[in-house]
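Below is one structure; the comments refer to it alone.
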Amino acid sequence: MSENVRGASATSKTEAGVGAGVELGRVRQLWHLLEPLHAVLYYAPEAFEEAAALGYGTQERWPSYFPYRAAPLGAVGSERVTSAFYSFSPRMVAEHMKSAWRTASPEQVLTARERAVDRAYRAIFGDRVSSPELAQAAALARRAAEAANTAGRPLAAANAELVWPEAPHLQLWHAATILREHRGDGHLAALLIAGLDPVESLVSFAAIGAASVERFESRGWSPEEWTAARQRLIARGLVSDDGIATPAGHELRRQVEQHTDELAAAPWRALGPDGAARLADLLGEFWVAVLSSGLLPSETTLGIGKV
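Per the working numbering, residue 10 is the first one in the sequence shown, and the count goes up by one each step.
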């Protein structure tokens, strides 16, 4: 396990009243471990095959990404998807959502994504897909996911409302998905409190080195929109003229990430510090297997390993 992941719990203090003894560093570590297990859906060849069978394009990942992630919300339009996903350009969302539900219904997409994860996990984990360790990890992650309060968290609530699959490896993916969307919904609240609009959230994140500007360009914003957002952040004293975060910019992003951790901590109360530590240990080998598969990009817009 990498030092970025293993060392997270050792560097943060427990916030009073947050996590019932589960340190915020542990909360972030568990996100680092669970996020790749969720993200397999957007990169695995099995997921592209299932999407192609439904009629979605597979020349890039976005034609399947949007319906796969939005399907729990039902047959919603691009405005609600833009709101829930936040950092994507509305034009990009509209482009990929305009025919999403004409190509396949949300119910068909949900069935396809479960097949995709089943096939991908079996390919990545091999015999370990049926191991006692994976089953125990799934049970612990499910406890946390079922304890998540989804009020005001549309993506977490939509996924939590779905029927739990029976197989432990699919339960692990479903739990990881609920928990990552629960964290993500809370992250958007933290960005709103910080006064960062969708494109400003990306510019400010790039400014602290979370990922390259080129990586963030995948979210569909034009150079003019990016420059205008940078100018707004310069005016607030958060970014310098060269696009690098000022001390105030670094501090604001630190506050955003801490607030996100605090808002994500509640589900882990169901496990307590010992259960959370046990889950982190159990997830390690599966996290390594996903990363070793080479499916996921080395740099993402989430800043995992950087924040």
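No residue lacks a Cβ here, since even glycine has one placed at the ideal position from N, Cα and C.
Segment limits, alpha helix (DSSP H) that includes residue i
i    : result
R192 : P177 to I202
D283 : G281 to S301
D136 : Segment: none, D136 is in no alpha helix (DSSP H) and carries neither H nor E.
L171 : No alpha helix (DSSP H) holds L171; DSSP gives it neither H nor E.
Y52  : L33 to Y52
Q68  : It is not in any alpha helix (DSSP H) - Q68 carries neither H nor E in the DSSP assignment.
V212 : P207 to A216
S87  : S87 to F94
A148 : P141 to E155
W110 : A109 to T112
A103 : P99 to M106
V222 : V222 to F225
Proximity of residue i and residue j at Cβ, strictly below 8 Å
i    : j    : result
A63  : A129 : The residue you asked about is not Ala; residue 63 is Leu in the sequence shown. No; because the gap between Cβ atoms is not below 8 Å, this pair is not in contact.
A169 : I187 : yes
P163 : D194 : yes
E44  : L300 : no
P115 : A144 : no
L46  : A185 : yes
S73  : A84  : no
T309 : A220 : yes
W277 : L39  : yes
P76  : A132 : no
L304 : Y65  : no
A157 : L292 : no
A199 : V265 : yes
E209 : L242 : yes
A150 : L288 : yes
T269 : H196 : yes
L82  : A165 : no
W71  : H41  : no
E50  : A125 : Note on identity: in this sequence residue 50 is Leu, with Glu being the wrong assignment. Yes, they are a contact pair.
L272 : S96  : no
P207 : E123 : no
R239 : G252 : yes
V31  : A285 : yes
L9   : A148 : Outside the shown range of the chain (10 to 316) lies residue 9, about which nothing can therefore be said.
S87  : P99  : yes
Which residues DSSP lists as bridging residue i, in chain order
i    : result
A254 : V248
Cβ-based burial, residue i [other Cβ within 10 Å; buried from 16]
i    : result
T20  : Residue confidence for T20 is low, a pLDDT of 34 falling below 50, so the modelled location carries little weight and cannot support an answer.
W182 : buried
G26  : In this prediction, G26 scores a pLDDT of 40, lower than 50, which makes its location untrustworthy; no coordinate-derived value is stated.
V36  : buried
Q180 : buried
G229 : buried
T159 : buried
I202 : exposed
V172 : exposed
R263 : exposed
S307 : exposed
L205 : buried
A257 : exposed
E59  : buried
E190 : buried
V138 : buried
S231 : exposed
L244 : Note on residue identity: the sequence assigns Ala, not Leu, to residue 244. Exposed, because fewer than 16 other Cβ atoms sit within 10 Å of the Cβ of A244.
Proximity test, Cβ basis, 8 Å: residue i and chain C
i    : result
L201 : Absent from the structure is chain C; it holds one protein chain and no more.
Proximity test, residue i beta-carbon vs the ligand ADP heavy atom, cut-off 7 Å
i    : result
A166 : This structure lacks the ligand ADP; in fact it carries no ligand of any kind.
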